[in-house]
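Counted the way my numbering counts, the sequence shown spans residues 165 to 286. Backbone N, C-alpha and C define an ideal beta-carbon position, used for all residues, glycine too.
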Amino acid sequence: MPPFPRLTPEAGAGSSYYYAEAAFLAKLTTTFRLARLAKFVTGWAAHLYYWVYPGIMISFMGTLVVYIGQLFNPDFASGWFVKALICFIFAGLVGGIAMMGVTGSTLVNIIINIVQITSLVF
């Protein structure tokens with residue numbers, strides 16, 4: 165057994181968090197007093213990132229599809245409903261890839277890479 169778990173059996177399954185918190189709290193200067201608050205804020209920021217990022221990605225891709233479509237046809241997706249429909253379709257595609265899991269998303273990534281490399285070469 166490594167030395168850290170023997171020295172600190174109360175660490176448990178989330179030991180990396182315990183050791184990080186213990187390292188911050190071991191220093192009793194005023195700089196490290198707010199270690200728990202910093203850990204809490206960092207954790208919430210990470211959770212918010214993973215909840216907000218998909219929405220930003222969907223809205224960006226919807227905007228990009230409408231922009232590219234309007235380059236060729238100025239009347240493309242001029243109404244709000246069509247723009248929302250494009251975003252819903254893209255969200256469904258991303259959700260489908262996520263539902264397939266790592267194997268499915270890796271396969272989709274390989275296919276996308278093949279298409280990109282083929283278009284660059286030819």
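Check                                                                                                                            : Outcome
Rounded straight-line distance, which links the Cα of I276 to that of M264                                                       : 16 angstroms
Range of the contiguous alpha helix (DSSP H) that encloses L235                                                                  : 199-236
Where the alpha helix (DSSP H) through A241 begins and ends                                                                      : From DSSP, A241 is part of no alpha helix (DSSP H); its letter is neither H nor E.
Distance, L257 Cα to V246 Cα                                                                                                     : 17 angstroms
Cut-off 6 angstroms between Cβ atoms - residues of its own chain near P316, not counting five sequence neighbours on either side : Coverage of the chain is limited to positions 165 through 286, which leaves residue 316 absent and any answer about it impossible.
Cβ neighbours of C251 in the same chain (closer than 8 angstroms, five flanking residues each side left out)                     : I222, S223, M225, G226
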